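In the working numbering, the protein residues as written are 114 to 216.
The structure is reproduced here in structure tokens:
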């Protein structure tokens, strides 16, 4: 059976076409559930109206389906916890110039 780590690793190859940072480091991945050969992934985006949701969702499905033991992938977009810059990985915050010491 595929592991959450394997899924996260392949998700690091998925990018928002408008932002050259992978969706894991952007903080878009909210939840991963694995049941047998099915992977359900909850993602958020920078805004509910993001025009790239279809492209990102398709990319996620295609990449996760390449993993051994995965037969089905469901991608769900959720916005009940809106994305903020706090969701960025620490490395990404530094790359993007967010310096917490500035307050």
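Even for Gly, the Cβ is constructed at its ideal location relative to N, Cα and C. All figures in this text were calculated on a predicted structure; none of them were measured in a lab.
query: Hey, residue 129 and residue 121: beta-carbon distance below 9 angstroms or not?; result: no
query: Could you work out which residue in 191, 201 and 115 is closest to residue 148 when comparing CA atoms only?; result: 115
query: Taking the straight line between their C-alpha atoms, what separation do you get for residue 119 and residue 142?; result: 14 angstroms
query: Can you check whether the C-beta of residue 191 is within less than 9 angstroms of a C-beta belonging to chain B?; result: Checking the listed chains, one finds no chain B in this structure; it contains a single protein chain.
query: Can you list, in chain order, the residues of its chain with a C-beta nearer than 8 angstroms to that of residue 259? Leave out the 5 residues immediately preceding and following it.; result: A query on residue 259 cannot be resolved here, the shown segment of the chain reaching from 114 to 216 and no further.
query: Roughly how many whole angstroms lie between the Cα atoms of residue 117 and residue 145?; result: 7 angstroms
query: Going along the chain, which residues of its own chain have a beta-carbon closer than 8 angstroms to the beta-carbon of residue 170, five neighbours each way excluded?; result: 156, 188 and 190
query: On the criterion of 16 or more Cβ atoms from any shown chain inside 10 Å, does residue 193 qualify as buried, or is it exposed?; result: exposed
query: Mind checking which residues open and close the alpha helix (DSSP H) that includes residue 177?; result: 166 to 178
query: Taking 8 angstroms as the limit between beta carbons, can you name the residues of its chain near residue 208, skipping five residues before and five after?; result: 134
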